[in-house]
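**Q**
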Amino acid sequence: MSQEKSKRFNVLYISQTDVNNFKYKYTIEKFPLRPEKTGEKIISPTFVIGGKKKSEWCLHIYPNGGEEESKEYVSVYLVLLKPDKAKAKYRFSILNDKEEEKNVKFATESEDFVNNDKGLAFSHFVKRDFLLNESNDLLVNGCLVIFCEAEIIYLKSENYDNLEIIDFKSENHDNLDTSINVTTPQSKLSLDYGNMFDSSLFYDCVIKVEDTEIQVHKAVLAARSPGFYNIFNSTSDQSQTNIIEIKDFNVGVVRKMLKYIYKDEVSDIRDMENEMFEIANKYELHRLKAISEQSMCNSLSVENVL
1 MSQEKSKRFN
11 VLYISQTDVN
21 NFKYKYTIEK
31 FPLRPEKTGE
41 KIISPTFVIG
51 GKKKSEWCLH
61 IYPNGGEEES
71 KEYVSVYLVL
81 LKPDKAKAKY
91 RFSILNDKEE
101 EKNVKFATES
111 EDFVNNDKGL
121 AFSHFVKRDF
131 LLNESNDLLV
141 NGCLVIFCEA
151 EIIYLKSENY
161 DNLEIIDFKS
171 ENHDNLDTSI
181 NVTTPQSKLS
191 LDYGNMFDSS
201 LFYDCVIKVE
211 DTEIQVHKAV
221 LAARSPGFYN
231 IFNSTSDQSQ
241 TNIIEIKDFN
251 VGVVRKMLKY
261 IYKDEVSDIR
271 DMENEMFEIA
281 NKYELHRLKA
291 ISEQSMCNSL
301 SVENVL
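Numbering (full-length UniProt numbering), first residue to last: 1 to 306.
Written as C-alpha cells, this is what we have:
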C-alpha cells in the first residue's frame, strides 16, 4: 500500500462563484525537492463548498505519478469527501508567475464522484521533466500552483433508508406567475467570438502553418473540435508547448477552418471545398464537413463530371 503524505501546504484562496461552483488554488512549495515516490501523494487541506447544501473536497497530488505507468508525470486528483456521491465537471491548470493558466486539462462531460478516497484524475497531468524545466516558466520560485475549477451538478446523501438528492440544475428559484414582456437583444455570440479570434486577446496557443503563426484559444478549439481536444488532452509535445504545427494544409484553408470554429459559419469556399472537407474530417468538424460536401455537390456539372 502506498504511503500517504498529508502535510498542510499553502492554500491561497477558495472562491465560490455560486453554491454549485468553486475555484481552488493550491500552492506546493519547493516542489522540485518533494520526497514523494511513485504512488505517494500530497493531500491538500479540505475545502467546504456551499451554504446549507455543503460538500467537502480535497486534492491529491502525486509528484511522481500515482502508479508505475504514470511515474514520469505529475498526477492530480479531485476527491469528494462529503456527501456520499456527486456529479461534477472539473478542470485543472497550472498558474505561472503572471497568474496565467497553463497546461489546462478538463473533463468534457460531467462525471460521477463517489466518497471512496480515490477521486477522479488526470494521471498524466504534466510531464515532470517539462514541469521542472525552468525555461517553461511553470514553477513560481520553485512553487507549483495548482488551479482547480468545478461545477457541481448534483449531490447525493445516503443515510440508511433516507436518500437526499440535491439537483442544482433542476432547482427553480424564480417562481413568478406574472407575465412580463422584455425585449431581448439579438445574440452577439458569433460576433463576439469572431472578434476574439481576430484580436487574439488572451490567446494561449499558437498554430504554425507555412510561414504564419495564428494565435488561438485552447478552450474554444477543444470545445468545438474533438480533434483538437485529443491533441490538448494528450501528452504530446504539441500539448506541452501549446504550439500546433499544421503541415498538410495551406494558411488560407486553416484560417477558414478556425473562423468556422469561432463563428460557426463559413463562406466563400467554392475554390477550396475539397481541402475544407479534408481538414474538417481531420479535426472532426462534422458540420463543416457536411457544408463542404454540399458545396462539392453543388459544383458538379456535366462538364466536370465527365
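Glycine is no exception: its CB is placed at the ideal position from the N, C-alpha and C atoms.
Every value quoted in this text rests on a predicted model; they were computed, and no experiment measured them.
From this set, W57, N136, P32, which residue's C-alpha is nearest T241's C-alpha?
**A** Comparing Cα-Cα distances from T241 to each of W57, N136, P32, the minimum goes to N136.
**Q** Where K85 and F122 are concerned, what is the direct C-alpha to C-alpha distance, given to the nearest angstrom?
**A** Taking the straight line joining both Cα atoms gives about 20 Å.
**Q** Which of the three DSSP states is assigned to L138 in this structure?
**A** The answer is coil: DSSP assigns L138 none of H, G, I, E or B.
**Q** Can you pull the DSSP bridge partners for L81?
**A** According to DSSP, which records beta bridges pairwise, L81 is partnered with nothing at all.
**Q** Between E275 and the rest of its own chain, which residues show a CB-CB distance below 8 Å, the 5 nearest in sequence each way excluded?
**A** The answer, listed in chain order, is F249, N250, V253.
**Q** What span of residues does the alpha helix (DSSP H) with A107 cover, start to end?
**A** A107 -> no alpha helix (DSSP H), and no H or E assigned at all.
**Q** Leaving out the 5 sequence neighbours to the left and right, which residues in its chain are closer than 8 Å to G194 when beta-carbon positions are compared?
**A** Closer than 8 Å at Cβ, skipping near neighbours: K259, Y262, K263.
**Q** Apart from the five residues just before and just after L300, which ones in its own chain have a Cβ nearer than 6 Å to its Cβ?
**A** So the list is empty, once near-sequence residues are dropped.
**Q** Is the CB-CB distance between R91 and F113 below 8 Å?
**A** Not a contact, by the Cβ cut-off of 8 Å.
**Q** Spell out the partners DSSP gives R91 in its beta bridges.
**A** R91 pairs with F106, E149.
**Q** Check this for me: beta carbons of I146 and L288, under 8 Å apart or not?
**A** No, these two residues do not count as a Cβ contact at 8 Å.
**Q** Could you check how far apart the C-beta atoms of K102 and I94 are, in whole angstroms? I think they sit under 8 Å.
**A** With a Cβ gap of about 5 Å, K102 and I94 count as contacting.
**Q** Whole-angstrom Cβ separation of V74 and L33, contact assumed at under 8 Å?
**A** Actually they do not touch by this definition, with Cβ atoms about 14 Å apart.
**Q** Hey, could you find the ends of the beta strand (DSSP E) V206 is sitting in?
**A** Its beta strand (DSSP E) spans residues 205-209.
**Q** Would you mind giving the Cβ-Cβ distance between N20 and E151, rounded to the nearest angstrom? I have them listed as a contact below 8 Å.
**A** 6 Å between Cβ atoms; contact.
**Q** Mind listing, in chain order, the continuous alpha helix (DSSP H) runs of no fewer than 4 residues lying wholly within the UniProt domain "BTB" (203-270)?
**A** Correct list: 218-224, 226-232, 237-241, 251-263.
**Q** Residues bridged to A86 by DSSP?
**A** Partner(s): F113, L155.
**Q** Would you mind giving the Cβ-Cβ distance between K37 and E72, rounded to the nearest angstrom? I have them listed as a contact below 8 Å.
**A** Their Cβ separation, rounded to whole angstroms, is 13 Å, which puts K37 and E72 out of contact at 8 Å.
**Q** Would you mind working out which of K247, S190, S234, I243 sits nearest V209, comparing C-alpha positions?
**A** Among K247, S190, S234, I243, the Cα nearest to that of V209 belongs to K247.
**Q** In this structure, how does DSSP classify L176 when only helix, strand and coil are distinguished?
**A** Any reading at L176 is ruled out, since the residue's pLDDT is 38, under 50, leaving its predicted position unreliable.
**Q** Any idea what DSSP makes of S299, helix, strand or coil?
**A** DSSP places S299 in coil when its eight states are reduced to three.
**Q** Can you tell me whether C297 is buried or exposed, with buried defined as 16 or more other CB within 10 angstroms of its CB?
**A** Label assigned to C297: exposed.
**Q** Specify, as a first and last residue, the run of the beta strand (DSSP E) that S123 falls within.
**A** That run of the beta strand (DSSP E) goes 120-127.
**Q** Which one of E149, I42, F47 has the shortest CA to CA distance from N64?
**A** Comparing Cα-Cα distances from N64 to each of E149, I42, F47, the minimum goes to I42.
**Q** Who are the near neighbours of H124 in its chain, counting only those whose CB is closer than 6 Å to its CB and skipping five residues on each side?
**A** Once the five neighbours on either side are set aside, the close Cβ partners of H124 are S70, Y73, T235.
**Q** CB residue 310 to CB I269, shorter than 8 Å?
**A** A query on residue 310 cannot be resolved here, the shown segment of the chain reaching from 1 to 306 and no further.
**Q** For the alpha helix (DSSP H) containing Y283, list its first residue and its last residue.
**A** Here Y283 belongs to no alpha helix (DSSP H), and DSSP marks it neither H nor E.
**Q** How far does the beta strand (DSSP E) with L59 in it extend, from its first residue to its last?
**A** First-last of the beta strand (DSSP E) with L59: 55-62.
**Q** Report yes if the CB atom of E265 is closer than 8 Å to the CB atom of S200, and no otherwise.
**A** Not in contact: E265 and S200 (Cβ atoms no closer than 8 Å).
**Q** For K54, tell me which candidate among K23, L155, M257, N141 has the shortest Cα-Cα distance.
**A** Per the Cα distances, L155.
**Q** Rounded to whole angstroms, how far is the Cβ of V206 from the Cβ of I231, which I believe are closer than 8 Å?
**A** That pair is no contact at about 13 Å.
**Q** According to the neighbour-count rule (16 or more other Cβ atoms, all chains shown, within 10 Å of its Cβ), is N141 buried or exposed?
**A** The residue in question, N141, is exposed, as its Cβ has fewer than 16 Cβ neighbours within 10 Å.
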